[in-house]
Amino acid sequence: MEQLLGYVVVGLATGSTYAVIGLGIALVYQVSGIINFAQGDFVMLGGLTYAVAAESGAHPVAAAAIALTVTAGCGAALHLFVLSPARDAGHDRLIVLTIGASILIQGLALLVFGADQHFAGSFGGEHQFQAFGISISAQYLWCAAVAAAAATAVWALLTRSQSGRAMRALAADRETARLMGIAPLRTGLIALVIAAVLAAIGGIVLAPIQPPDATAGVPLGLKGFTAAVLGGLTSPLGAIAGGLLVGVVEAVVTGLVSSGYRDAVVYGLLVAVLLVRPGGLLVAAVRERV
Amino acid sequence: MTDAGLLRLSGLVAGYGRIEALHGVDLAVGAGEVVCLIGRNGAGKTTLLKTVAGLIRSTAGQVRLRGQDITGRSVPWRTRAGVSLVPEGRRVFAPLSVHDNLLLGGYGRSRRAITAALAEVYARFPRLAERRRQTAGTLSGGEQQMLAIGRALMSAPTVILLDEPSLGLAPLVVTEVEDIIAGLAGAEAGVLLVEQNAAVAFRVASRGYLMERGRITTSGPSATLRGDARVRSAYLGADPATGELHR
Chain C
12 MEQLLGYVVV
22 GLATGSTYAV
32 IGLGIALVYQ
42 VSGIINFAQG
52 DFVMLGGLTY
62 AVAAESGAHP
72 VAAAAIALTV
82 TAGCGAALHL
92 FVLSPARDAG
102 HDRLIVLTIG
112 ASILIQGLAL
122 LVFGADQHFA
132 GSFGGEHQFQ
142 AFGISISAQY
152 LWCAAVAAAA
162 ATAVWALLTR
172 SQSGRAMRAL
182 AADRETARLM
192 GIAPLRTGLI
202 ALVIAAVLAA
212 IGGIVLAPIQ
222 PPDATAGVPL
232 GLKGFTAAVL
242 GGLTSPLGAI
252 AGGLLVGVVE
262 AVVTGLVSSG
272 YRDAVVYGLL
282 VAVLLVRPGG
292 LLVAAVRERV
Chain S
199 MTDAGLLRLS
209 GLVAGYGRIE
219 ALHGVDLAVG
229 AGEVVCLIGR
239 NGAGKTTLLK
249 TVAGLIRSTA
259 GQVRLRGQDI
269 TGRSVPWRTR
279 AGVSLVPEGR
289 RVFAPLSVHD
299 NLLLGGYGRS
309 RRAITAALAE
319 VYARFPRLAE
329 RRRQTAGTLS
339 GGEQQMLAIG
349 RALMSAPTVI
359 LLDEPSLGLA
369 PLVVTEVEDI
379 IAGLAGAEAG
389 VLLVEQNAAV
399 AFRVASRGYL
409 MERGRITTSG
419 PSATLRGDAR
429 VRSAYLGADP
439 ATGELHR
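Order-wise, the sequence lines are chains C and S. Position one of the first sequence corresponds to residue 12 (the numbering used here), numbered consecutively onward. Position one of the second sequence corresponds to residue 199 (the numbering used here), numbered consecutively onward.
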């Protein structure tokens with residue numbers, strides 16, 4: 012029982028990174044109506060760039076800055092060169108384009124970084140602490156703290172800035188938002204860059220725990236997607252709750268059963284939620300047309 | 199007729215895809231006046247307002263604002279130039295607070311301009327000030343209409359386009375909204391009012407246009423229009439003798 016609590020703590024910490032990844036997916040979906048399947052590859056790109064830069068001797072802060080810049084640039088490029096030119100294609104085709112972008116980013120990462128895993132040290136050195144009878148790396152605390160800070164920053168942006176209000180307005184009523192003089196494309200670009208930054212943050216804090224390689228993106232993206240869908244895709248808070256749930260389920264299954272079942276259980280959860288409560292996706296689709 | 203140099207439409211043609219809804223519309227609104235545009239459902243009134251606001255691209259003809267051709271301009275450009283549409287059904291941002299709705303009305307303006315406009319709107323509509331933290335979706339219909347108008351005023355518009363502001367409101371509230379509309383036209387601002395309720399339209403507007411199937415078929419002072427046979431037939435709806443039906 013005590014161990015279970017330990018797994019929950021680990022799960023909440025990992026889950027907080029899935030939460031920010033999922034928050035990015037929900038944000039882009041709300042603003043542009045697109046599910047960005049390249050989000051996981053942004054996570055990979057951020058984590059891998061960070062690990063490679065750290066391995067080659069860069070200060071962790073500098074390595075993080077490089078990783079954030081590269082990933083944000085990649086997010087901007089996805090919007091400017093892929094999604095914007097194809098904006099009249101309809102949301103389903105744009106979603107397919109993000110899958111294409113995902114494959115492309117993965118291929119480019121293979122070319123640039125090779126197929127090997129890369130290792131980054133824990134923030135502030137290796138520390139372990141004992142809680143509920145298991146030993147937990149201090150990096151998990153970093154995960155939770157950084158993710159909480161990132162989520163708070165997004166919340167402040169959405170509620171306190173005109174750009175954030177514009178995003179919420181687009182989510183609520185696209186045509187009327189345009190009437191206010193809000194440019195959907197420009198705001199969509201901002202949302203995608205924020206999503207890419209959130210993904211990179213997730214990738215960076217996860218890098219010391221799960222050493223990234225070029226193929227690490229897809230499973231992480233699917234976890235973020237699961238998080239966003241569990242939350243109904245329409246609410247940032249829902250995505251955060253969904254991410255924490257995915258993390259806890261994953262950690263408890265790994266701890267009590269086997270890590271082999273981990274992904275199966277997480278995606279089983281996704282399928283179960285879609286079957287039992289398809290409300291998430293469907294409600295959003297209807298709302299959007301109003 | 200007043201000097202109608204504020205907004206002038208000439209030969210305006212627009213529609214949705216291949217379906218043409220406006221077949222060459224001429225219309226003018228001057229500063230200081232409320233002009234109504236009346237007609238049946240489907241006559242093209244909403245299309246006209248959306249075309250002036252820039253939401254629908256015109257395929258021929260011109261929209262002039264204070265003499266300047268704005269036909270090809272984007273929605274944000276027109277908003278900044280002073281064109282503001284209060285859409286049918288009010289379309290407030292329901293999940294956002296009253297305050298956030300108003301701030302969005304000033305989107306793209308400087309912080310100082312927004313603060314000043316906000317003070318004006320709250321002074322004009324004290325009820326919105328009382329409810330500034332409430333989400334817009336929880337307001338009554340009349341309050342939502344106030345908010346939609348207040349939100350439009352946040353961009354300091356000179357051309358205010360109102361689409362069916364009385365729709366779905368209780369009679370007492372309609373009177374309140376009439377007073378608000380009458381107060382919108384000022385030294386520099388004019389109002390173009392689309393209204394199903396002819397009584398409301400003729401009480402508020404000094405003159406008006408009748409639109410039928412995408413064309414202006416008659417225009418003149420409200421008093422004259424009120425007695426016009428075509429206006430009567432348009433508003434009394436289906437005339438069994440002619441077999442004409444509402445769309």
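Ideal Cβ placement from N, Cα and C applies to all residues, glycine included.
Within the region 357-402 of chain S, the alpha helix (DSSP H) runs of at least 4 residues that lie entirely inside it are, in chain order, 369-380 and 396-402. A contact is defined here as three or more CB-CB pairs under 8 Å, and the region 296-312 of chain S meets this definition with respect to the region 348-368 of chain S. Checking the DSSP bridge columns, you'll see S:Met-409 partnered with S:Ile-414.
Between S:Thr-415 and S:Leu-408, the C-beta spacing is below 8 Å. C:Val-31 places its beta carbon less than 8 Å from that of C:Ala-161. Rounded to the nearest whole angstrom, the CA to CA distance from C:Leu-285 to C:Leu-244 is 12 Å.
Among the residues facing chain C, S:Tyr-305 is included, as its CB has a counterpart in that chain under 8 Å away. For S:Ala-251, at least one C-beta of chain C is nearer than 8 Å to its own C-beta. Taking the C-beta atoms as reference points, S:Asn-299 is found no nearer than 8 Å to S:Leu-263. Looking at the backbone, the Cα of S:Val-261 and that of S:Leu-253 are separated by about 13 Å. Under the 8 Å criterion on CB atoms, S:Asp-298 is classed as interfacial with respect to chain C. Between C:Gln-173 and S:Leu-301, the CB-CB gap stays under 8 Å. Where S:Arg-206 is concerned, the enclosing beta strand (DSSP E) starts and stops at 205-214. Secondary structure note for S:Ser-256: its beta strand (DSSP E) is the uninterrupted segment 256-263. Using a Cβ distance threshold of 8 Å, C:Gly-51 and C:Gly-228 count as a contacting pair.
The three-state reading of DSSP puts S:Val-273 in helix, counting H, G and I together.
With the rule of 3 Cβ pairs closer than 8 Å, the region 13-26 of chain C counts as touching the region 255-271 of chain C. In the three-state reduction of the DSSP assignment, C:Phe-124 falls in the helix class. Around the CB of C:Ser-43, 16 or more other CB atoms lie within 10 Å, so the residue is classed as buried. Here S:Leu-390 is near S:Val-227, since their CB atoms are less than 8 Å apart. Per the coordinates, the alpha-carbon of C:Lys-234 lies some 24 Å from the alpha-carbon of C:Gly-132. Per DSSP, reduced to three states, the secondary structure at C:Gln-139 is strand. Taking a beta-carbon distance threshold of 8 Å, C:Asp-99 does not count as an interface residue toward chain S. C:Gly-57 is positioned such that its CB atom lies no closer than 8 Å to that of S:Val-273.
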